[in-house]
Amino acid sequence: MLSVVGEDDIPKKKVASIFRPPSPDTLAYLDFSVSTTGILAGVKMSHAATSALCRSIKLQCELYPSRQIAICLDPYCGLGFALWCLCSVYSGHQSVLVPPPELEANASLWLWAVSQYKARVTFCSYSVMETCARGLGAQTAVLRVRAGRAWRDPRTSPSDRKPSRGAPPPAASSPSHSDTHPWCTSWEESGVGAGQGGSDPGSERTAGSPRPQGPGPEGGAGETEPRRRGSSSLAFTLRPGRVRPLLPQMKGVNLSCVRTCMVVAEERPRIALTQSFSKLFRDLGLPARAVSTTFGCRVNVAICLQGTAGPDPTTVYVDMRALRHDRRAVRPLTGARLSFQILPGVKVIIAHTETRGPLGDSHLGEVWVSSPHSATGYYTVYGEEGLHADHFSARLSFGDTQTVWARTGFLGFLRRTELTDASGERHDALYVVGSLDEALELRGMRYHPVDIETSVIRAHRSVAECAVFTWTNLLVVVVELDGLEQDALDLVALVTNAVLEEHLLVVGVVVIVDPGVIPINSRGEKQRMHLRDGFLADQLDPIYVAYNM
Numbered sequence: 001m002l003s004v005v006g007e008d009d010i011p012k013k014k015v016a017s018i019f020r021p022p023s024p025d026t027l028a029y030l031d032f033s034v035s036t037t038g039i040l041a042g043v044k045m046s047h048a049a050t051s052a053l054c055r056s057i058k059l060q061c062e063l064y065p066s067r068q069i070a071i072c073l074d075p076y077c078g079l080g081f082a083l084w085c086l087c088s089v090y091s092g093h094q095s096v097l098v099p100p101p102e103l104e105a106n107a108s109l110w111l112w113a114v115s116q117y118k119a120r121v122t123f124c125s126y127s128v129m130e131t132c133a134r135g136l137g138a139q140t141a142v143l144r145v146r147a148g149r150a151w152r153d154p155r156t157s158p159s160d161r162k163p164s165r166g167a168p169p170p171a172a173s174s175p176s177h178s179d180t181h182p183w184c185t186s187w188e189e190s191g192v193g194a195g196q197g198g199s200d201p202g203s204e205r206t207a208g209s210p211r212p213q214g215p216g217p218e219g220g221a222g223e224t225e226p227r228r229r230g231s232s233s234l235a236f237t238l239r240p241g242r243v244r245p246l247l248p249q250m251k252g253v254n255l256s257c258v259r260t261c262m263v264v265a266e267e268r269p270r271i272a273l274t275q276s277f278s279k280l281f282r283d284l285g286l287p288a289r290a291v292s293t294t295f296g297c298r299v300n301v302a303i304c305l306q307g308t309a310g311p312d313p314t315t316v317y318v319d320m321r322a323l324r325h326d327r328r329a330v331r332p333l334t335g336a337r338l339s340f341q342i343l344p345g346v347k348v349i350i351a352h353t354e355t356r357g358p359l360g361d362s363h364l365g366e367v368w369v370s371s372p373h374s375a376t377g378y379y380t381v382y383g384e385e386g387l388h389a390d391h392f393s394a395r396l397s398f399g400d401t402q403t404v405w406a407r408t409g410f411l412g413f414l415r416r417t418e419l420t421d422a423s424g425e426r427h428d429a430l431y432v433v434g435s436l437d438e439a440l441e442l443r444g445m446r447y448h449p450v451d452i453e454t455s456v457i458r459a460h461r462s463v464a465e466c467a468v469f470t471w472t473n474l475l476v477v478v479v480e481l482d483g484l485e486q487d488a489l490d491l492v493a494l495v496t497n498a499v500l501e502e503h504l505l506v507v508g509v510v511v512i513v514d515p516g517v518i519p520i521n522s523r524g525e526k527q528r529m530h531l532r533d534g535f536l537a538d539q540l541d542p543i544y545v546a547y548n549m
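No gaps in the numbering here: position 281 of the sequence shown is 281 in the UniProt record's numbering, and each next residue is one more.
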């Protein structure tokens, strides 16, 4: 378990010696996570892989020491842990950390922090994006009030704010550390020199505002305490419990400063959600091309990441019927697949799932990666250990048989685009279809749960959420009803017809449940195997169950 400790001052005692790993391949940390199929596994990250990961993110996002980024992710595993705890130390930039659970009390906290600190780059999850869209979608006019005006300290009186005659008017700026002291906790780290732990010379620069003289956190007289040389405020965490008295100040949200808003996920992009988020907050100045999606998995947490100066992602429409046979056929206005921009230093190849041979451009297969920041192997896998033996040491059966690849377990295809990257060459875009572990094998064809769930959600406006899984060769559809219980019987026929018409599948069991029954992890991903276990143990407390057998 990760304990986040905040402190106002750096320790006075100097560190006797800086740890230097005897070898770049020495283990740096273990990254434990639970997959959507319920398998707990820990991967080993070496010092070389950790430094390469931070270097790639720094170059792609242009994280200079003077930059400020806002992060609204859980810091427990994957890319969220790297962004919270590693990247700011390596690059020297300042990170504004917003814990996602705090958005339940104040949905505007993340967007307000992005606006006040003028963050060019921000990271979030799908659950955070859904919370903001659901809680703030109808309040954009309120958040836009007083846009462009200077941030004011609520502890000062109006007479104190009035400038003296002849003095220049104060410029609109972001709040300093003394301004935000009542509601944020500063993490102050000592300066990290060049060559220490893979950092670069920019990390010595002070990233935070100097601590000024004046009143303390409670409004009394504070002591004058100059910042010690070499110190840097690399990250600080917002505490909304102290922000509640400042809620009237959470107006004037301006998101025109955002260049990249990246959703950290390990699944196919949710195009409908990202597009609706962009449209909802367009009135707050959010650029249309700013919202993008990252892609990573257990073997490599950052395979694709949209940079601030990279080409726009492209959308390709494919035929879902062809995907059932592991083929890709471009069709107009059918299932959409959004492209990912591959991170610098990452090599991607598409391999056949059975023969392990390389596939050509636009052919559907398993995504394999070769990268300096890939994990070095599994520390342990709880459950089905034999299925993961060669995930980190796979080789092609023919062609380039010398390169060692890591298998991601995701189906996708590469497609050469007409857009050029920074080097002037056309870049390959990666399109992800879905996870092999979650795919449903029915009638000799491969179905992806997200395609069936999308059809069910479109069937009726009372369907809040949906999840599908198999049980003894039967397709089980669990539907969350956001409406009257008397509508439950009507949903059974609508759900059955929608799946039959669009996917040619007969639904075996339809389960109508209350909202919030389908388990979702911190990244907003559905835990379908946990839902299946609850269904088999009769723990769902359903409103209605229909057996179409």
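Cβ atoms here follow ideal geometry from the backbone N, Cα and C, with glycine treated the same way.
C-alpha distance - residue i paired with residue j, whole-angstrom precision
{"i": "residue 52", "j": "residue 87", "result": "11 Å"}
{"i": "residue 514", "j": "residue 482", "result": "7 Å"}
{"i": "residue 467", "j": "residue 455", "result": "11 Å"}
{"i": "residue 120", "j": "residue 61", "result": "9 Å"}
{"i": "residue 132", "j": "residue 107", "result": "6 Å"}
{"i": "residue 138", "j": "residue 291", "result": "20 Å"}
{"i": "residue 520", "j": "residue 465", "result": "11 Å"}
{"i": "residue 316", "j": "residue 322", "result": "14 Å"}
{"i": "residue 98", "j": "residue 401", "result": "45 Å"}
{"i": "residue 45", "j": "residue 371", "result": "13 Å"}
{"i": "residue 532", "j": "residue 41", "result": "20 Å"}
{"i": "residue 506", "j": "residue 349", "result": "36 Å"}
{"i": "residue 115", "j": "residue 27", "result": "38 Å"}
{"i": "residue 375", "j": "residue 300", "result": "6 Å"}
{"i": "residue 475", "j": "residue 111", "result": "40 Å"}
{"i": "residue 364", "j": "residue 268", "result": "14 Å"}
{"i": "residue 394", "j": "residue 406", "result": "6 Å"}
{"i": "residue 143", "j": "residue 254", "result": "9 Å"}
{"i": "residue 43", "j": "residue 432", "result": "22 Å"}
{"i": "residue 462", "j": "residue 435", "result": "28 Å"}
{"i": "residue 224", "j": "residue 14", "result": "Annotation note: pLDDT 31 at residue 224 (below 50); position unreliable, no value reported."}
{"i": "residue 367", "j": "residue 484", "result": "44 Å"}
{"i": "residue 288", "j": "residue 257", "result": "12 Å"}
{"i": "residue 537", "j": "residue 345", "result": "46 Å"}
{"i": "residue 198", "j": "residue 320", "result": "Interpretation of residue 198 is limited by its pLDDT of 37, a score under 50 that renders its predicted location unreliable; no figure is taken from the coordinates."}
Beta-bridge pairing of residue i - partner residues as DSSP gives them
{"i": "residue 600", "result": "An answer regarding residue 600 cannot be provided, because it is not within the stretch 1 to 549 covered by the chain."}
{"i": "residue 468", "result": "477"}
{"i": "residue 441", "result": "446"}
{"i": "residue 262", "result": "123 and 292"}
{"i": "residue 368", "result": "349 and 407"}
{"i": "residue 415", "result": "429"}
{"i": "residue 14", "result": "Its beta-bridge partners do not exist; DSSP assigns none."}
{"i": "residue 546", "result": "510"}
{"i": "residue 392", "result": "Residue 392 is not bridged to any residue."}
{"i": "residue 517", "result": "In DSSP, residue 517 forms no bridge with anything."}
Residue from the options whose Cα sits closest to the Cα of residue i
{"i": "residue 295", "options": "321, 266, 58 and 46", "result": "266"}
{"i": "residue 440", "options": "517, 450 and 432", "result": "450"}
{"i": "residue 100", "options": "115, 485, 124 and 81", "result": "124"}
{"i": "residue 89", "options": "283, 255, 57 and 42", "result": "57"}
{"i": "residue 341", "options": "306, 373 and 365", "result": "306"}
{"i": "residue 280", "options": "516, 141 and 34", "result": "141"}
{"i": "residue 69", "options": "428, 480, 48 and 94", "result": "94"}
{"i": "residue 353", "options": "408, 104 and 379", "result": "408"}
{"i": "residue 66", "options": "540, 91, 81 and 84", "result": "91"}
{"i": "residue 347", "options": "327, 103 and 302", "result": "302"}
{"i": "residue 59", "options": "412, 459, 499 and 343", "result": "343"}
{"i": "residue 593", "options": "32, 105 and 109", "result": "Summary: the structure shown does not reach residue 593, with the chain confined to residues 1 through 549, and so no result is reported for it."}
{"i": "residue 548", "options": "477, 50, 415 and 20", "result": "477"}
{"i": "residue 486", "options": "361, 543 and 282", "result": "543"}
{"i": "residue 428", "options": "103, 84 and 304", "result": "304"}
{"i": "residue 494", "options": "105, 460 and 411", "result": "460"}
{"i": "residue 502", "options": "452, 526, 508 and 488", "result": "452"}
Same chain, Cβ closer than 7 Å to residue i, five either side skipped, listed in chain order
{"i": "residue 126", "result": "263, 265, 270, 273, 523 and 524"}
{"i": "residue 492", "result": "510 and 546"}
{"i": "residue 396", "result": "351, 356, 357 and 358"}
{"i": "residue 325", "result": "445"}
{"i": "residue 180", "result": "Low confidence applies here, because residue 180 scores a pLDDT of 40, under 50, leaving its location unreliable; read the following figure in that light. For residue 180, where only same-chain residues beyond five positions count, there are no Cβ hits under 7 Å."}
{"i": "residue 540", "result": "511, 513, 517 and 534"}
Cβ neighbours of residue i in the same chain (closer than 8 Å, five flanking residues each side left out)
{"i": "residue 48", "result": "24, 25 and 372"}
{"i": "residue 529", "result": "36, 37, 38 and 469"}
{"i": "residue 458", "result": "498"}
Residue i Cβ short of 6 Å to the ligand SAH heavy atom set
{"i": "residue 502", "result": "Ligands in the displayed structure: none, and consequently the ligand SAH is not present."}
Integer-rounded CB distance, given that residue j should sit under 8 Å from residue i
{"i": "residue 361", "j": "residue 327", "result": "Actually they are not in contact, since the Cβ atoms of residue 361 and residue 327 sit about 14 Å apart, beyond 8 Å."}
Contacting residues, own chain, Cβ-Cβ under 6 Å from residue i (five flanking each side not counted)
{"i": "residue 379", "result": "30, 42 and 44"}
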